[in-house]
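Engineer: Quick one: structure below, then a few questions.
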Amino acid sequence: MSAVFNQVFEGGTGVFDNPSPVETIDPNSQDVQKAISKYAEDQKQLSETQEKVEQLIAVNELENQFQATMTDDGLLITIRDSVLFEMGQASVKPEHMPMAQELSTILQFDEPRNVVVSGHTDNVPIATAQFDSNWDLSVMRAVNFLKIIIDGNESLDSKYFSVKGFGEFSPIASNETAEGRAKNRRVEILVQPRVAEDGTMIVE
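Per the working numbering, numbering of the sequence shown is gapless, rising by one per residue and ending at 207.
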């Protein structure tokens, strides 16, 4: 080892004198084209799911409280808390359970996808007999909403669904105004891609 270090410091040849050749990727190769095709098809399926969600929004006249957006992480469905819950409560309103059950049908795929349901609140502190913090409230809202989705469709496989509770710590608007706080109180459903841009399967 000593001899090797001496050779390097005395000007001998080293790994950087003969670097390994960099493998170039042919964008027209069959593997690359196959990866592009798989990714494009997966994105097309997500877009079709978005269209179904938008139809659900239109039928229920929830344009101002319900939104479906394509993001880098997948299809993000955002629902204002006022649609689903009473203030400071985590039980879904009975009148909106049919809408949640319709959504469960949309979330049924021929090939499964990972779906993450997350709860969010504003920054107004909460301390009740049920909830010690906004974290508790946000988690239970996500859990209760997910239960309705899963219970509403026996074809859904629970292992592909998960929940998160962000409390007040992932706002999408300012908490300085009532309008901003209303936007921050929400449930999000993230439908994730099955295929990465390089064609790698994310869900097997």
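A virtual CB, placed ideally from N, CA and C, is assigned to each residue, including glycine.
Which word fits residue 192, buried or exposed, when buried means at least 16 other C-beta atoms lie within 10 angstroms of its C-beta?
Structural biologist: Position 189 of the sequence shown, counted from the start, is the residue given in the question as residue 192. By the neighbour-count rule (16 or more Cβ atoms within 10 Å), residue 192 is buried.
Engineer: On the three-state DSSP scale, how would you describe residue 164?
Structural biologist: In the sequence shown, residue 164 corresponds to position 161, counting from 1. Correct three-state label for residue 164: strand.
Engineer: Cβ of residue 96 within 8 Å of Cβ of residue 106?
Structural biologist: Along the sequence shown, one-based indexing puts residue 96 at 93. Along the sequence shown, one-based indexing puts residue 106 at 103. Result no, Cβ atoms of residue 96 and residue 106 do not sit closer than 8 Å.
Engineer: Taking 8 Å as the cut-off, does the segment 112-124 touch the segment 176-195 (at least 3 CB pairs, one atom from each stretch)?
Structural biologist: The segment 176-195 is in contact with the segment 112-124.
Engineer: If you compare alpha carbons, which of 200, 205, 196, 201 is closest to residue 49?
Structural biologist: The sequence position of residue 49 within the sequence shown is 46, counting from 1. For residue 49, the nearest C-alpha among the options comes from 196.
Engineer: Could you name the residues of the same chain whose beta carbon sits closer than 7 Å to that of residue 186, not counting the 5 residues immediately before and after it, in chain order?
Structural biologist: Your numbering for residue 186 matches position 183 in the sequence shown. Contacts found: 175, 176.
Engineer: According to DSSP, simplified to helix, strand and coil, what is residue 144?
Structural biologist: Walking along the sequence shown from the start, residue 144 turns up at place 141. Of the three classes helix, strand and coil, the one that applies to residue 144 here is helix, per DSSP.
Engineer: Less than 7 Å between the CB of residue 192 and some heavy atom of the ligand ATP, yes or no?
Structural biologist: As presented, the structure is devoid of all ligands, the ligand ATP included, so that no description of it is given.
Engineer: Given 8 Å as the limit, is there contact between the segment 151-168 and the segment 104-119, that is, 3 or more CB pairs closer than that?
Structural biologist: Output reads yes: the segment 104-119 touches the segment 151-168.
Engineer: By the DSSP assignment, the alpha helix (DSSP H) with residue 108 in it spans what residues?
Structural biologist: Translated into positions along the sequence shown, residue 108 becomes position 105. Where residue 108 is concerned, the enclosing alpha helix (DSSP H) stretches over 100-109.
Engineer: If we count the other Cβ atoms within 10 Å of its Cβ and call it buried at 16 or more, is residue 148 buried or exposed?
Structural biologist: Residue numbering aside, residue 148 sits at position 145 when the sequence shown is read from its first letter. That one is buried.
Engineer: Assign residue 127 to buried or exposed, taking buried as 16 or more other Cβ atoms, counted over all protein chains shown, within 10 Å of its Cβ.
Structural biologist: Here the question's residue 127 lines up with position 124 in the sequence shown. Residue 127 should be labelled exposed.
Engineer: Can you give me the start and stop residues for the beta strand (DSSP E) that residue 1 sits inside?
Structural biologist: Given that the chain is displayed from residue 4 to residue 207, the structure contains no residue 1 and the question cannot be resolved.
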